[in-house]
Structures are given as structure tokens and as C-alpha cells.
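Numbering (my numbering), first residue to last: 1131 to 2340.
For each residue, glycine too, the CB sits at the ideal point set by N, CA and C.
Quantities reported herein were computed from a predicted structural model and do not represent experimental measurements.
Worksheet for the structure shown next.
The following block contains the structure:
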């Protein structure tokens, strides 16, 4: 093996690029052919055949290791010679749940699973030369000569895939088999059988044998045989379609000449209708026949994305074709493969839908961006994923800015940053590249392989990768960064024109090292410090800023503090930060250097106070506006201050400044981020009447960005509630709404819907929900608001509107439900008594919601958004006490034939019921769906919602009623065996297990039985002997055969310490001390103590060697049971029988003491027992002080005695 690795390192050394990763594979794949035959949708199976053409990289190639899971291998041939092979799936059972002798099985700690899980995944990692399928190379002369001469060797594998559970999905109408499920004829007509691949990160092994890593690329030919009614869409270019009229079959032949990894190969088979893009013939769209009209409206702008990317990158699209396929029941919004993107049909929309357009365009742009970086240029390994993810996200958001404007883009960046900060503060820091040597894994899952990734972490990893790439744009400059992208693409395109050569094909892989080299080559800049701060370590910055104006020096004294370094995910930042100071004479930018936890800076002001004189104030945009300066400090020229306004850091800023500066910033600052930050603060200054006027002005100003106006409406609602009856907030907001949306002829009636002005459309929806949140002094919704909302339902007319009002009606229902307040006295619900209990207002609300709920069944809204809002309204009425808290209606909407968004809403409500009412039957119902539901998206959604809203958590002080041993065993079995194929679901269950139980042993599990294991180690050099009652015995070492929580160990050792000292000093055994020992001995581990053997103590032999694995040689072990230790002979007194602690004896050997001290120091360091050392030092100091006092008293007594004697003598 050493010879093999040396030959590989010599081959890699010929390449001068230091960023090329070392490969442990003993061969190179040049080409792979894949055939999919006999697709059987009824039984969810197909027969396959694949051929790999490989070239050995060593002279002694004994085995060939490939990745393969859930496939049945029928035969393997190597150059027409049949081979022996070993096929195993080590991920099928990580920590065996049936092996009760295994300590890790008993403990049920998540760390014990994660460690073994990581090792198992490494054992199948092809980058390390491993794999599930091990093929033994025949010892034949022909094959040996091919290996030595580096000729091509063909590996032919026949396999069958039956009922797969991950990687590839058969979408079959199972409702026909279930007679209990009602299915309409229209649903049968719209549904078509199809299959597709998903979960692209190293999941190709789940449906055909391959080298399933991104760092192994080759050319491809793909042959798929299907029924004549089906269409096959695969990676590559369609070369030929053959029709077999006799067998009623079709053969689709695809070819991909650009080297591509197996992870980027995708497949879709179904009854799809192809539509060629009229503006770009290389692009073909596929969907079900009934959705053709929606497809045309959704994808009519696709060619514009390609044009924008080609102009930006100055490079043509690398492939010769691109296919977009919309499928049903995809577990994510999209999946990208080479020349192929698979989307969920839920992204389709007509031209009459407004809200979905923003989401769909961003996702389509992101998928096309991944064709450049992700498929054409793939990652070298998992730690390099941040690079291709960040560049693809950068391209997608850049197009998003072009399509929807800079304000929408900045709001999107701000929301992304808040999501990352929230995750890092609640779960763990996000490390983009963990390949650095200084990185040490400290959390409950490993991030160096996609199969151990948490799904939530994976999602936030993509978001943070984009944010870091945007920071690089600000650090290097936009033009230079785009030139770096162009350099990477040009090198890759040059590499694909040549045959396999280690000097060129490595340009098809992106790594952190290659990116550093490209930046250094193009820009000449060094980004090592930047990478060290933001890529090689996780976390974000959290700073608090405050300032005062020094009139004498005409400076602003700014203090920036980092006070939250103890918070999870927050790290100490040292570096530059941008400050914008808005003065009377304009905006002045200052770059400060943060050098400590608290940094103070003096910013020189360029303006002088105007003593409230009106003057045009220049802003950073260059325009000059008139300001009313009467509210500001007459001695200060500072209008407002902003910290890191361009969001160059991933940070959370807490800025302290007066209320008038916040309202100036809201009113006059043109940056939407500054305005949104002001709205978060201003509701704290509700007593200032100027704030209310500013909010009303913002809502009424058509020049303000629509998202700011929407947030201002909610802020005004909160301000009105805090003021109460002192200000007539409801009437003011109703008047403003009628002014904007009332009918010109009759302002009391809302005008007919006209959503051509998109700004007013979003504002109208926001104002309706904001007004529903208004409350009186008694916490009740005002009557005028309720009647106003009911009138909106009555006069809603969308007959002459060119856009759909589905989302508008959903907002009306949301607003109507928000008007409901808690009941004063919880009623008792009986059968048929609901109508008599409810108030008249609540009846009117419930009748309106039920009416819309029934109408949506007959005339469905887009994506059933009205039904979703009605279900939420029913749950809100239950929480307020107006309806009985039953789950029947929600369970009915979790069945398979319901729309996916309706099912998600019902599941989320059920999880909320489990959280608030602790219902075991509802929790069991949800967990059963995780196993039995046929849709992977529903399985993952249930787990994701349980993680975000768990029924209990490790922070719960008392043992929860739902925290049972049955639940622990179920989750433990799931992460070990149940979801062994689907790594996404497995890791999601690991997240749920961590949220519920943390990294400790679950509290609901029964306590382990207590026992002592005595290790008698006879050393040849030294014999440790001690005498007790005139007898000689070897000194034993006490070990524990069970595993106990570290916290319990720590607490029990602290409890036992004083008792041991008292017993050894006074040599007494009292009944009270015996009781204390009995309470603590159940969870006690004595690691470094010695036990005195009594003549009447019973000893049992322990045949287990688990606890003695660290001891060399064959050493006998003995076991003391607690019951044995408590027994005594009839001749002993009660004091002797209770004196168990007298069995702890002192060692007379100095080397033994030294070993004990070393062990104690290690244990104290591991448990962080610095406080104990301080307590011991204090204890010793107190002892010394007492001794000194005693000596002084002694001296005083002797002096007094001497004086008395002298007096007597006199």
C-alpha cells in the first residue's frame, strides 16, 4: 500500500499547482456507459447495466472499489472475465440497537452515534479509495499486462433496482390501491406516472454503480428503454430515438462529451410534453400536458438569464443544450445536473399570479447559475462546496437585482444575513471550509462529508456562501471578481478540448486553493486574512455602538463594544469597519480599525450647527432635500450615524442614538436597509407624536419602497396599541386606507380590485393585516375594525382585474382571524352547543371563514392559499378558546390526495397542538407519517417542523410527559437502521434528537445498575502492597462497568469529597453518613481510588473485558455489586458494616501517587474544574489562617501564664 501511495504522489507531483488534491484511488475512470432497461412503474423497479472504462494508476491493482447502494448486483465482468466481488452496506446499521452489550447502545448519546457514523461514511468515501462494492481483479496475464501497460480495462456490471427509498423516486398513483381515499376523475386525468432522480450530492450510487464523488469526471453515454408513451430526459445531448413498433418501446440515446462526475448525472422518465424555447433553441422545457399553459408563462424569460450571464462572465454557455423539467413530489424546489434542471411543479404559475413570480424567477436563475459553477466546474471535495455554491448564488442574486431592482436585492441580502445569524446563535457556527489543519470538530455532527451534513446546516451553508462571495465583491471590487470567474471558466473550457491529462482536467474542479491562485493571478491580492476570518472559521460579529457629540472639539466620540462574545456563534472581530456620518453638509464616510473588545474613535465633523435654520441637506445619493431641523440638537450637526451600511460584514449591530435621529433616518435616508432598521426601533418611542406623523407620511408616500411602507403599517399598529385611547389609531388607519383604496364616488366602499400597481397591491394586503392587530385598552379588537374587514369581504370584486386575487383573499382571512382575542372564561364544549356559546362577532367571523373554506373546495385558488389561511384561522380560534381543540379536521388534510401546501399547513398545526397540549396520540400520528408517507418532501417537512418547534427540549427542567423511553428507542432506531439509505432524513433525525436530548444521555432512560470493576494489575517492576488489619493485599483500582453522565459524575464527586476527608481524618462511621453514601452510590464512579478488601467481602468474576481494554496483557477482573458491599457477617457490628468508605485506602508508593496526580489533573482539565482548584486554594489558605490564629492564641496563653507565675513569685 505504501508503494501505491508513493506512485500516486509522484504522479501528482508532476503538476505544479499546489492546490491539486491528492487522490487515493488506484485507477482513473475515462468513460462510463449506463443502460436503464425494463422500467416497471407498477412494481417500482428497473434493470440496469453499466460499463466503466478505467486505467490503472499503479502496477499492482488488486481490487477495484466502487460506490453502490440499494442495488442488487447480478454479475460483474472484467474484460469478459467473471470476477468475484464483495457487496456490503456499512451504513445500514451504525450503532446496533439490538446489541445490548454495547455501551453506546445503552447510553443513547448522540455523540457516540456521530463518531461511528463519520467513521462508517469514511469507509465508503471514494476520495479515500474506499467503496461499498469491492471487485477482486482476476489473477490473469491479460489483465496484468493491461494494468502494467496502462491500457483501458472494461468493468461490466449488471444490476437490478427494486423499490428504491432514496436517490430516485417513482411517482405512482397509489391512491387507486387505497379504497379509503377519495379520488376525483379530474385528478386521475391530471396525474401521470413518472420517475426522477433527486438529492444530487453524492447520491448517484443509490441508483447505479459508479465512483460517486465530484473529483472523478469522465465522459458519458446513456441508453434508456421505456414504453412508447414515455419521454426520457437525461444529462447530455439527445443523439437518437429509436422506435420498436413490435415491442411498443422507445430507445433514447444520450451522449455527454464534457467530463462530468457521476454526482451530476440525472434522469427523468415520464409522459412529458417538450416545448422548445422560441428565443433560444438550445433550451427545451418539459412538463405534463395539462400544465403547458403555465409552463409558457413561467419560462418565457429564461433566455434573458442566459444572455445576462454570458455578458457578465464574457463566456458562452458551456454545454450545447439545456433542459428544464417540472415534476411532482420533488423534495426540494430544484435539483441541478449537467445540462438538466429538475423543478417542482409548484413553481409553475400563470401570468395572472403576482406573488409567485418573485420566487420562481430567483430559483430558475439559481439553477442556471449552477450549470456554470456546480456542474461544468464542480467542487473538488465537500469542504470546497462553499466556492461553487457562493459563485452560483452570486450570479443568481445579481440577476435578481437586475430583474427586480437594487432595493429588492438589498432586502434579500439583509434577510439572508438574519437567517444565518439566527442559525449560528441557536445551533452552531457555520464553517465554510473545514479542511484547514487547525479545524477541530466540536459539534454533534461532522461537516467534511455531505452524508453527515445536517439539512438545516446545509441550507444555511448555501446562504452564507453567497454572503461571503458578496463580501469578496466589496473587498476585491466587482470587475476584478468577475475577471476571476472568467479565468476559471476559460481554463475549464480549454481543458475539455484535450484528452485526459492530469495537467489540464484539474481545472474542471474548484477548490479553495485554486480560487486563491486565480485571485492572486488576476488581481495580485492576498486574501489569506479574509479566508482565515470568514471561511476557515465559523460565526459572525455582534457589536454595540454609541456616540456623543463633543461641542468643544467638534467631533463625534464613537464607542464600539463587543459584549456578546460568550454567545454561541459570536467571535471577536479585529479589522476595518465602515461608518457613515450624515451631517448637515452631507454624508461623510469613515473607515475605522477595530483592535480590541472596546474601541473608541473620534470622528471629526465637517459641518457646524445651523441653529435650526432650514437648508437643503445633501445625501449620499447626491440629491439635496429640505429638512425640518427643529427636532434635532441645536449644538450638534449630526443627523444620524450608521455602522457598516453596505453590509460588508456578517454582523448584528445594536446602535444607540436618540429618537429624533431614528425618525430623521426613516424619513430622509434613501437606503431601504436604514429605513427598515429605523422601523424596528421607533415603536419603542411611541409617546412621541412626531413618530406617528412620520409613519403616516411614510405609508402615504408613493416614492418610498413598498416593503418599507408595509413595515411602517405594522409599526403604526404597534404604536397605536401602546398609546391606547389617547390616540384614535383605528379611525386614522381606516381613513388612510379609504384614501388610498376607497371608491372615488363612495369612499366608504372599497374600489374594485386593480392590481396593476404592484406597490399598492402589496401595501393593501399589509394594511389589512396590520389593522387587524389593533386593540383597545382592554385588549379587544375595536368594533369599527371588525365591521370594516367584514365589509371588505362583502365588497371584494375581482371581475375586471387582470390579476388573480387568491393571495389577497388569503390576506383577508388572515386579518379576520387576527381580530379574535382570548375568551374571558373558557367554555365547556358539548355536542351541538358551539353556536350557543360563541358571541355574535365570533359567529360572523367563523361563518365568513367557513364560507371561503367551502368555496375553495369547489373553485380552488392558486395553490389552495385560501384553504391554507382557513386552516390557520381555525387553529387560531382554538387557541383563543372559541373552538374545541380537536385535530380531526387537520388530520383529514394530511392525506396524500391533498395539495402539498395544505398538507404542510395541517402538519405544522398538529405539531403546534403537540407542543401546547402534550398529546401523545398526535405525536405518534406524525411520527408514523415519517415512516409511512410515500413523499420524501412530507417526511422531511415533519422532521424540520419538529426541530423548529419541538414538543420538549433539553432545556426543559422537569421530565416531560412526552419524553418516554419508547420515543428514544424509536428515534435511535431510525438514525441507525430505518433511514440508512436517505442521508438527508437520517441527519434530520439526528438534529431532532439533539434538540430533544442534547449531547447527554436522555433523562427518561432507566438508570444503569451500579457496580465496581476491580482491575488487579500485577507489574513486574513494582509491587504495591498495603496492610489492613494485619493482612496483605494488592491495591486494586476501582473502575465502572456502566456509563453515567458527566454532569452526574461531577456532582457526585463534589458531594463525596468532604465525606471522604472527614472519614479518613476521624475514622468514624455514622448512620447519617451511611445514608448519604446510599443516595450517592447509584451514580458514583471512582476512577483513581483504591478499595480495601475485607475478609468477608464476596467477589464475583467479571468475564467482560470491555472496561479493561486499555490494560495490556491478560489481567483478571473482579466485580463488586452494591448489594454485596452492603452485606456484613453476623459477627460484625453495625458500625463496621456501614463503614464502606473505610475501604478507600491510601497508597504507600510514591510513583502510584504521581500517577494519581496526573490522572486527577487530566480529569480536572477535561471537566474544566478551575473553580475546584480555586476552592482548594481558599480552603488551604483558611487552614493556614486558622493555624496561625491558634499559634497566636497559644503564645498569648503562655505569656499570660508567665505573667501569673511572676506575680506569684513576687
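Near residue 1787, what residues of its chain come up, given a Cβ to Cβ distance below 8 Å and the 5 sequence neighbours on each side ignored? The beta carbon of residue 1787 sits closer than 8 Å to those of 1676, 1677, 1770 and 1771, all from its chain and outside the five residues before and after it, given in chain order.
If you compare alpha carbons, which of 1377, 1196 and 1325 is closest to residue 1217? Selected option, being the one with the closest Cα: 1196.
Only counting the same chain, and skipping five residues up and downstream in sequence, which positions put a Cβ closer than 7 Å to that of residue 1616? Correct list, in chain order: 1443, 1444 and 1445.
For residue 1878, tell me which candidate among 1861, 1689, 1806 and 1884 has the shortest Cα-Cα distance. The shortest Cα separation from residue 1878 among 1861, 1689, 1806 and 1884 belongs to 1861.
Which class does residue 1328 belong to by DSSP, given the choice of helix, strand or coil? The three-state reading of DSSP puts residue 1328 in coil, since its state is none of H, G, I, E or B.
Are there 16 or more other CB atoms within 10 angstroms of the CB of residue 1211, so buried, or fewer, so exposed? If you draw a 10 Å sphere on the C-beta of residue 1211, you find fewer than 16 other C-beta atoms in it, and that means exposed.
Residue from 1867, 1660 and 1856 whose Cα sits closest to the Cα of residue 1831: Ranking 1867, 1660 and 1856 by Cα distance to residue 1831 puts 1867 first.
Entirely enclosed beta strand (DSSP E) segments - the segment 2062 to 2144, minimum 3 residues: For secondary structure counted as the beta strand (DSSP E) over 3 or more consecutive residues, the segment 2062 to 2144 holds no complete run.
Three-state secondary structure assigned by DSSP to residue 1785: Reduced to three states, the DSSP call for residue 1785 is strand.
In or out: residue 1384 buried (at least 16 other Cβ within 10 Å) or exposed? Of the other Cβ atoms in all chains shown, 16 or more fall within 10 Å of the Cβ of residue 1384; this residue is therefore buried.
Range covered by the alpha helix (DSSP H) that runs through residue 1915: First-last of the alpha helix (DSSP H) with residue 1915: 1913 to 1925.
Segment contact, 8 Å Cβ cut-off, at least three pairs: the segment 2057 to 2077 with the segment 2021 to 2035: Yes, since at least three Cβ pairs between the segment 2057 to 2077 and the segment 2021 to 2035 fall closer than 8 Å, the two stretches touch.
Along the chain, which unbroken stretches of the beta strand (DSSP E) at least 3 residues long are found entirely within the segment 1855 to 1901? You should have found no qualifying run.
From residue 2121 to residue 1247, what distance separates their C-alpha atoms? Computed Cα separation, rounded: 14 Å.
Quick test of the definition: if touching needs 3 or more C-beta pairs under 8 Å, does the segment 1171 to 1189 touch the segment 1364 to 1375? No: the two stretches stay apart, fewer than three of their Cβ pairs being nearer than 8 Å.
Pick out the complete beta strand (DSSP E) segments inside the segment 1630 to 1687, 3 residues or longer, and give them in chain order. Whole beta strand (DSSP E) segments, 3+ residues: 1671 to 1680.
In angstroms with no decimal places, state the Cα-to-Cα distance between residue 1505 and residue 1299. Between residue 1505 and residue 1299, the C-alpha separation is close to 22 Å.
Considering just the uninterrupted stretch of the beta strand (DSSP E) at residue 1178, what are its terminal residues? 1175 to 1186 is the span of the beta strand (DSSP E), which, as asked, contains residue 1178.
Closest to residue 1431 by C-alpha separation, out of 1845, 1401, 1657 and 1490, would be which residue? Nearest C-alpha to residue 1431: 1490.
For residue 1930 and residue 1882, which I take to be in contact (beta-carbon distance under 8 Å), what is that distance rounded to the nearest angstrom? Yes, they are in contact, since the Cβ atoms of residue 1930 and residue 1882 sit about 6 Å apart, within 8 Å.
Selected residue, minimal CA-CA separation from residue 1579, among 1258, 1709, 1379 and 2014: That would be 1258, whose Cα lies nearest to the Cα of residue 1579.
Between the Cα of residue 1154 and the Cα atoms of 1191, 2044 and 1178, which residue gives the shortest distance? Across the set 1191, 2044 and 1178, the C-alpha of 1191 shows the shortest separation from the C-alpha of residue 1154.
Looking at the strands, I want to know which residues DSSP matches up with residue 1481. Under DSSP, residue 1481 forms no beta bridge with any residue.
So the alpha helix (DSSP H) residue 1247 belongs to, where does it begin and stop? For residue 1247, the enclosing alpha helix (DSSP H) begins and ends at 1240 to 1253.
What does the Cβ neighbour count give for residue 2007, buried or exposed, with the cut at 16 atoms within 10 Å? So residue 2007 ends up on the buried side.
To test your reading of the DSSP string, which unbroken beta strand (DSSP E) runs of 3 or more residues are found completely within the segment 1531 to 1577? If we require 3 residues or more, the segment 1531 to 1577 turns out to have no beta strand (DSSP E) run fully inside it.
Using only the alpha-carbon positions, how far apart do residue 1275 and residue 1391 sit? If I take the Cα positions, the gap works out to 28 Å.
Where do the N-terminal and C-terminal ends of the alpha helix (DSSP H) with residue 1970 fall, by residue? Annotation: the continuous alpha helix (DSSP H) that includes residue 1970 extends over 1970 to 1988.
In the structure shown, what three-state DSSP assignment does residue 2059 receive? Under the three-state reduction of DSSP, residue 2059 is assigned to helix.
Along the alpha helix (DSSP H) that carries residue 1966, what are the first and last residues, could you check? Looking at the DSSP string, the run of the alpha helix (DSSP H) that includes residue 1966 is 1964 to 1967.
Assigned exposure category for residue 1876 - 16 Cβ within 10 Å defines buried: With fewer than 16 other Cβ atoms from the protein chains shown falling within 10 Å of its own Cβ, residue 1876 counts as exposed.
Report the rounded CA-to-CA distance for residue 1946 versus residue 2016, giving the unit in angstroms. Their Cα atoms are separated by approximately 21 Å.
Please name the residue, chosen from 1468, 1267, 1670 and 1424, that lies closest to residue 1363 on a Cα-to-Cα basis. Of 1468, 1267, 1670 and 1424, the residue nearest in Cα terms is 1468.
Is the Cβ-Cβ distance between residue 1356 and residue 1161 less than 8 Å? Against a cut-off of 8 Å, the Cβ pair of residue 1161 and residue 1356 comes out as no contact.
Out of 1671, 1711, 2056 and 1679, state which residue places its alpha-carbon closest to the alpha-carbon of residue 1692. Answer by Cα proximity: 1671.
For residue 1381, write down the residues that DSSP places opposite it in a beta bridge. Beta bridge pairing from DSSP links residue 1381 with 1355 and 1372.
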